[in-house]
Amino acid sequence: MLFLYDAAMGAESEAMSGALDSVRFPVERSKLMELARTFKDPDPLWHDPEAAAEAGFDSVPVPPTATVLADHWRERGATFHAQAAGLDLPRVLHGEVSWEFLRPVQLGDELTAVSSLAGDETRQGKRGGEMRLVTVETSYTDAAGELVARRRDTLIETGPR
Amino acid sequence: MSVGAAPPPVEPQPLRDGDEMAPVVTEPFTRTDFVRYAGSGGDYHPIHHDEEFARAAGMPTVFGMGMLHAGMLGLALARWVGPENIRFFGTRFTGQVWPGDVLTFRARVTGVEDGLASIELSAENQDGASILKARATALVDA
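Here the protein sequences come in this chain order: U and E. First residue of the first sequence: 10, per our numbering; consecutive thereafter. First residue of the second sequence: 110, per our numbering; consecutive thereafter.
Here it is as C-alpha cells:
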C-alpha cells in the first residue's frame, strides 16, 4: 500500500510508481538545539547565529543527520516509511542509512523531502528465516529548487518468530 | 564533548592518510536518552520507549535508535573535519545499544584524493562489540 502523502498540503494524491511521500520542513533553531543536546553537545553554535558567527561560520551549521527533522512533519514520525511499505513494526530494524551532501544543510533552510521506494527484496537471514530488505531514497531540495542532499535508508523486517 | 571545547573547524583541515580522530567515549545511555531522541528526532517506534512492546517483540528491554548514536558519531565527525566539509556520511548498524551501554567512537582517514578524504568510522560498546560501521568523505586541505 503505497501512496503519495503531502503533509504540507494535507492532501493525498495518486501514487507515482514507488513514491512514498513528500514533506516540506524548516531547519529551525529550537529543533536544532534539542537535537544537539540529545547528542550531548550543548555548544550553542549548533543553534545560535551569534555563537556560530563567533566560531567563524557564516551560518549556523548542523549535524550531518539533521535531515531527520523532516520526520516531525510526517503524521507518524520516523516509522512512516516502514509502515507505508507494509512492514510489521515489531520486526523492523534500521539496517543502514547514508547521506550525500551537495551543499551543507544550514539553519533557516526550508527543505522539501521527497521519498520513494527504491528496492524491496527478500533474503535468507543469518539465523534462518527470511528477511525483507526495503530501500528508501529521499532527496532534499531547498526553497530555490536546488538539490541539497540525498539520503538512502535500508529497513530490515526480520522473519516471524 | 562539553561547553568550552574548541569549536569545530570552518575550513577544510590538513588531514592525511592514517590520521585519527581522538576517540569519543559516551556516557552510559539511559532510557531517558532514548525518549529524548524520540522527541528531538521524531522517532516514536515504541520498541525504543515502550518496555512491554519491546518484550513482546522478543527484546530483553528497550534499545536506542540507531539514529541516536549515528547522530552522536556524526556530530563528533563534524567537530573533527568541520560540519560544512562533510560530503558523505553513511552507516550500517551492526549491534544494538541497551540502557547502560557506553560507546566509543573512532574515526580514521584511509586515503586522500583530489582534496577529499575517505574516512572509516566505528562505534563499539564496553564489551568491544561492534555497534556501527560507517564511512564518510570530507573536504580537506590537501
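Where is the CB? At the ideal position from N, CA and C, for every residue including glycine. Note that the structure is predicted; figures quoted are calculated from it, not measured.
- DSSP places Glu119/U in the strand class (E or B) of the three-state scheme.
- At a Cβ-Cβ threshold of 7 angstroms, Ala245/E and Ile228/E count as neighbours.
- For Asp80/U, the closest Cβ of chain E is nearer than 7 angstroms.
- Within chain E, no residue has its CB atom less than 7 angstroms from the CB of Asp30/U, the nearest being about 14 angstroms off.
- Contacts between Leu98/U and chain E, judged by CB atoms closer than 7 angstroms, involve His154 in chain order.
- Going by C-alpha positions, Leu225/E is about 5 angstroms away from Leu248/E.
- Listed in chain order, the non-local C-beta contacts of Gly150/E below 8 angstroms within the same chain comprise Met174, Met176, Leu177 and Gly180, local neighbours out to five positions each way being set aside.
- Taking 7 angstroms as the threshold, the shortest C-beta distance from Asp151/U to chain E does not fall below it.
- Excluding the 5 residues flanking it on each side, Glu109/U has same chain C-beta neighbours closer than 6 angstroms at Arg159, in chain order.
- Residue environment analysis places Val134/E among the exposed positions, since fewer than 16 neighbouring C-beta atoms fall within 10 angstroms of its C-beta.
- Residue nearest to Asp162/U within the set Gln115/U, Gly138/U, Trp55/U and Ala94/U is Ala94/U (criterion: CA-CA distance).
- In the three-state scheme derived from DSSP, where H, G and I count as helix and E and B as strand, Gly86/U is classed as helix.
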